[in-house]
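Structure, as structure tokens:
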Amino acid sequence: MNKVCEKMEEAIADVKDGATIAVAGFFACGVPRLLLRALIAKKVKNLTLTCGCGPLVGAADEMRQLVINKQVRKVIDSYGLFRSATKGRQDPFEQAVRKGEVELEVVPMGTLAERYRAAAAGVPAVFLPTGIGSVVEKAVVTNIIANRTPKETREFNGRKYVLEYALKPDFAFIHAFRGDTEGNLRYSKTARNFNPVMAAAAAVTIAEVENVVEPGQIDGDDVHTPGVYVKRLIQVPRISFAVTID
Amino acid sequence: MKLEGIPREMIALRVSKEIKDGDYVNLGIGIPTLISNWTEGKDIILQAEIGMLKNGPLADGDMVNQDLINASCQPVMELPGTVYFDIVDSFTMIRGKRMDVVVMGAMQVNARGDYAGWANPERGLDIGNIGGSMDLCAGAKKLFLAMEHTTREGNAKIVNEITFPPTTAGKVNMIFTDLAVMEVTPKGLVLKEVAPGLTAADVQSVTEPKLIVSPDLKEIEF
Chain P
0 MNKVCEKMEE AIADVKDGAT IAVAGFFACG VPRLLLRALI AKKVKNLTLT CGCGPLVGAA
60 DEMRQLVINK QVRKVIDSYG LFRSATKGRQ DPFEQAVRKG EVELEVVPMG TLAERYRAAA
120 AGVPAVFLPT GIGSVVEKAV VTNIIANRTP KETREFNGRK YVLEYALKPD FAFIHAFRGD
180 TEGNLRYSKT ARNFNPVMAA AAAVTIAEVE NVVEPGQIDG DDVHTPGVYV KRLIQVPRIS
240 FAVTID
Chain H
0 MKLEGIPREM IALRVSKEIK DGDYVNLGIG IPTLISNWTE GKDIILQAEI GMLKNGPLAD
60 GDMVNQDLIN ASCQPVMELP GTVYFDIVDS FTMIRGKRMD VVVMGAMQVN ARGDYAGWAN
120 PERGLDIGNI GGSMDLCAGA KKLFLAMEHT TREGNAKIVN EITFPPTTAG KVNMIFTDLA
180 VMEVTPKGLV LKEVAPGLTA ADVQSVTEPK LIVSPDLKEI EF
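The listed protein sequences correspond, in order, to chains P and H.
Numbering that gives the first Met the number 0 numbers the first residue of the first sequence as 0 and each following residue consecutively.
Numbering that gives the first Met the number 0 numbers the first residue of the second sequence as 0 and each following residue consecutively.
Written as structure tokens, this is what we have:
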């Protein structure tokens, strides 16, 4: 079973206008930058990008281009805006959010992790303690007022929990340090972050891999993402990037 | 009037004294991050929600690995025994009450232990960055705030009623500022320590809720 694509266009051939794509990574770390660049080149539009913690703040150049090209309809993230208000005001994404041209849904990070995990495991929704006492327990948090759908809460053993729904993307864009041709993946250090759970959650998972190897060259004990979750992979160079955000 | 208190590094040092050997600790962005400068020699383990236990000191120069950052996106180093895991494990630890101490920054806090820190309406948006803050509040065994006592203009951040979007309700245990150390109790905020040269009345003058002055009130001890 060989899942390796030779060309980027082939790797993302079925990504169409209107797709929902999970973008892995945590700020600058473990972000599938080359798959994002392929989206820019492909010019697909009306995209929903579901994130975990700021991969689009980390991959700021790619995000800026996607927004300038008007390819993004909606972003779901726990940390979608620059921390610096000054930098934010100059950011095309934040400007589009302020004007309501792009939707930003803000979800606590651990809630996102659990919503992907639920989708991966065939669980429709989960009750979580996160966000009780904040707006998160009352309604969906978004800049688009019409989409502030009320949420359900329930008490278990005297403590209040909020119902959060599984989040199942059409695609997941994954960045791995090593992967074999059958799609077994291994990540490097903190670049693992949201990669495994997004790979498991999406209908179609596409991995960019720094080192593609033959089956058996990753010990079975060392695989982080079993190949069953991965549809296609493509070899990419290790590119350097600045490890900073503000 | 803006009172003269202790610098941010010293707030961090004071918080570090409340962290005990054997504690697993998660530090938020801002003053809390500085606490890691004061933990040498303590037998504690720092968790970073990106997916790391026992994260080491900040890395620079040749030591920077772009695959190794903390939850504030700063390059860090490994220690003997550092471990990595994915985000689901990370928040299983956090929500599963494995963090003995969580320290966060805050824009506002009240006497009931509610605090606001994720969205600043002065930015002109009613949404912001939640990150891992609400999960950390939901799961912390002890929740501390490390913050400036007032805004840059000298206005109260320790308020009767929170006006910014709250992060959590009733979870804060202790508040450490440049001016004072306070404990959140069912009766209200107990003032336990004041910065050198200040009186309880000075601290009260920049604090909205009525402070209960501890009979053992003392200068902030490092």
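Where is the CB? At the ideal position from N, CA and C, for every residue including glycine.
**Request:** Decide if F247 of chain P is buried, meaning its Cβ has at least 16 other Cβ atoms within 10 Å, or exposed.
**Result:** Nothing can be reported for residue 247 of chain P, as the shown portion of chain P is limited to 0 through 245.
**Prompt:** For I205 of chain P, which beta-bridge partners are listed by DSSP?
**Reply:** Counting from one through the first sequence, the residue named residue 205 of chain P turns up at place 206. DSSP, once it has assigned bridges, lists P:F172, P:R231 as partnering I205 of chain P.
**Prompt:** Are S132 of chain H and T184 of chain H closer than 8 Å when you measure CB to CB?
**Reply:** The count along the second sequence starts at 1 and reaches residue 132 of chain H at position 133. The count along the second sequence starts at 1 and reaches residue 184 of chain H at position 185. Not a contact, by the Cβ cut-off of 8 Å.
**Request:** Label F221 of chain H either buried or exposed according to how many other C-beta atoms from any shown protein chain fall within 10 Å of its C-beta, with 16 as the threshold for buried.
**Result:** Within the second sequence, the letter at position 222 stands for residue 221 of chain H. Exposed, because fewer than 16 other Cβ atoms sit within 10 Å of the Cβ of F221 of chain H.
**Asked** Thinking C-beta only, is R111 of chain H closer than 8 Å to P128 of chain P?
**Response** Against the first sequence, residue 128 of chain P aligns to sequence position 129. Against the second sequence, residue 111 of chain H aligns to sequence position 112. Not in contact: P128 of chain P and R111 of chain H (Cβ atoms no closer than 8 Å).
**Request:** Compare the C-beta of V101 of chain P against all C-beta atoms of chain H and say whether one is closer than 8 Å.
**Result:** Reading the first sequence from its first residue, position 102 is the one you call residue 101 of chain P. V101 of chain P does not count as touching chain H.
**Message:** Within a Cβ cutoff of 7 Å, which residues of the same chain sit near V134 of chain P, ignoring the five residues on either side of it in sequence?
**Reply:** Taking the first sequence and counting its residues from 1, the one referred to as residue 134 of chain P is at position 135. So the list reads V140, once near-sequence residues are dropped.
**Message:** I need the straight-line Cα distance from Y83 of chain H to V24 of chain H, nearest angstrom please.
**Reply:** To locate residue 83 of chain H, count along the second sequence from 1; it is residue 84. To locate residue 24 of chain H, count along the second sequence from 1; it is residue 25. Distance between the alpha carbons of Y83 of chain H and V24 of chain H: 16 Å.
**Item:** Bounding residues of the beta strand (DSSP E) (the contiguous stretch that carries D76 of chain P)
**Value:** Walking along the first sequence from the start, residue 76 of chain P turns up at place 77. Where D76 of chain P is concerned, the enclosing beta strand (DSSP E) stretches over 71-76.
**Asked** Do we get a CB-CB distance below 8 Å when we pair A145 of chain P with the residues of chain H?
**Response** Residue 145 of chain P sits at position 146 when you count from the first residue of the first sequence. No, A145 of chain P does not count as interfacial toward chain H.
**Message:** Quick check: is the beta carbon of K86 of chain P nearer than 8 Å to any beta carbon in chain A?
**Reply:** No chain A appears in this structure, whose protein chains are P and H.
**Message:** Can you confirm whether the stretch 160-171 of chain P touches the stretch 6-23 of chain P when touching is taken to mean that 3 or more C-beta pairs between the two stretches lie within less than 8 Å?
**Reply:** Three or more beta-carbon pairs drawn from the stretch 6-23 of chain P and the stretch 160-171 of chain P are found closer than 8 Å, and the two stretches are therefore classed as touching.
**Prompt:** What separation, rounded to the nearest whole angstrom, lies between the Cα atoms of E163 of chain P and N192 of chain P?
**Reply:** Taking the first sequence and counting its residues from 1, one reaches residue 163 of chain P at position 164. Taking the first sequence and counting its residues from 1, one reaches residue 192 of chain P at position 193. Going by the C-alpha atoms only, they are around 21 Å apart.
**Request:** Have a look at the DSSP bridge pairing and note the partners of Q94 of chain P.
**Result:** The count along the first sequence starts at 1 and reaches residue 94 of chain P at position 95. Bridge partners of Q94 of chain P: none, in fact.
**Asked** In or out: F90 of chain H buried (at least 16 other Cβ within 10 Å) or exposed?
**Response** Reading the second sequence from its first residue, position 91 is the one you call residue 90 of chain H. Burial of F90 of chain H is indicated by the presence of at least 16 other C-beta atoms within 10 angstroms of its C-beta.
**Beta-carbon contacts of K86 of chain P that lie in its chain and below 8 Å, excluding the five residues immediately before and after** = For this step, residue 86 of chain P is matched to residue 87 along the first sequence. Taken in chain order, the residues that qualify are D245.
**Prompt:** Does DSSP put P31 of chain H in a helix, a strand or coil?
**Reply:** Taking the first residue of the second sequence as position 1, residue 31 of chain H is located at position 32. It is helical.
**Message:** Against chain P, does D42 of chain H count as a neighbour if the rule is that its beta carbon must be under 8 Å from one of theirs?
**Reply:** Along the second sequence, one-based indexing puts residue 42 of chain H at 43. It does not; no Cβ of chain P falls within 8 Å.
**Request:** Return the chain-ordered list of same chain residues with a C-beta closer than 7 Å to the C-beta of G226 of chain P, the five sequence neighbours on each side being excluded.
**Result:** As a first step, residue 226 of chain P is located in the first sequence; it is residue number 227 there, counting from the start. Within the same chain, G226 of chain P has close Cβ partners E181, G182, N183.
**Prompt:** So, helix, strand or coil for Q65 of chain H, using DSSP?
**Reply:** Walking along the second sequence from the start, residue 65 of chain H turns up at place 66. Coil, per DSSP.
**Message:** Can you check whether the C-beta of L67 of chain H is within less than 8 Å of a C-beta belonging to chain P?
**Reply:** Working through the second sequence from its first residue, we reach residue 67 of chain H at position 68. With 8 Å as the cut-off, L67 of chain H counts as an interface residue toward chain P.
**Asked** Less than 8 Å separating the beta-carbons of A190 of chain P and T224 of chain P?
**Response** What you label residue 190 of chain P is simply residue 191 of the first sequence in a count that begins at 1. What you label residue 224 of chain P is simply residue 225 of the first sequence in a count that begins at 1. Judged by beta-carbon spacing, T224 of chain P lies beyond the 8 Å limit of A190 of chain P, meaning their Cβ atoms are not closer than that value.
**Asked** With 8 Å set as the bound, which would you pick, yes or no: does the beta-carbon of P214 of chain P sit closer than that to a beta-carbon of chain H?
**Response** Within the first sequence, the letter at position 215 stands for residue 214 of chain P. Not one chain H Cβ lies under 8 Å of P214 of chain P.
**Request:** Pull out every residue of the stretch 178-192 of chain P whose Cβ sits closer than 9 Å to any Cβ of chain H, in chain order.
**Result:** So the close ones are Y186, S187, K188, T189, A190, R191, N192.
**Asked** Residues of chain P with a CB under 7 Å from the CB of E160 of chain H: which are they?
**Response** Position 161 of the second sequence holds residue 160 of chain H. Correct list: empty, because the minimum Cβ distance to chain P is about 14 Å.
**Asked** Residues of chain P with CB under 8 Å from P74 of chain H, in chain order?
**Response** As a position in the second sequence, residue 74 of chain H is number 75, starting the count at 1. Close partners of P74 of chain H in chain P (Cβ separation under 8 Å): V242.
**Prompt:** Nearest CA to the CA of P79 of chain H: which residue from H:N54, H:E121, H:I30, H:L197?
**Reply:** For the purposes of this step, residue 79 of chain H is identified with residue 80 of the second sequence, where counting begins at 1. Closest by alpha carbon: H:N54.
**Item:** Coarse secondary structure for Y114 of chain H, derived from DSSP in three states
**Value:** The residue given as residue 114 of chain H occupies position 115 in the second sequence. Y114 of chain H falls in the strand class under three-state DSSP.
**Asked** What residues match up with C28 of chain P in a beta bridge as DSSP calls it?
**Response** Here the question's residue 28 of chain P lines up with position 29 in the first sequence. Beta-bridge partners of C28 of chain P (DSSP): P:F25.
**Prompt:** Using the rule of at least 16 other Cβ atoms within 10 Å of the residue's Cβ for burial, across every protein chain shown, is N128 of chain H buried or exposed?
**Reply:** To locate residue 128 of chain H, count along the second sequence from 1; it is residue 129. Classification of N128 of chain H: buried, given that the 10 Å Cβ count is 16 or more.
**Request:** Check the Cβ-Cβ distances between P165 of chain H and every residue of chain P, and say whether any is below 8 Å.
**Result:** Residue 165 of chain H sits at position 166 when you count from the first residue of the second sequence. For P165 of chain H, the nearest beta carbon of chain P is closer than 8 Å to its own beta carbon.
**Request:** Determine which residues of the stretch 165-179 of chain P have a Cβ less than 8 Å from any Cβ of chain H, and write them out in chain order.
**Result:** Residues F176.
**Item:** Unbroken beta strand (DSSP E) run spanning Y186 of chain P, endpoints
**Value:** For this step, residue 186 of chain P is matched to residue 187 along the first sequence. Neither: Y186 of chain P is in no beta strand (DSSP E) and is coded neither H nor E.
**Request:** Give every residue of the same chain whose Cβ lies closer than 8 Å to the Cβ of K16 of chain H, excluding the five residues on either side of it in the sequence, and list them in chain order.
**Result:** By 1-based counting over the second sequence, the position of residue 16 of chain H is 17. Within the same chain, K16 of chain H has close Cβ partners E220, F221.
**Request:** Under 8 Å by Cβ, that's how I've got A145 of chain H and P31 of chain H pegged, so tell me the actual separation to the nearest angstrom.
**Result:** As a position in the second sequence, residue 145 of chain H is number 146, starting the count at 1. As a position in the second sequence, residue 31 of chain H is number 32, starting the count at 1. With a Cβ gap of about 5 Å, A145 of chain H and P31 of chain H count as contacting.
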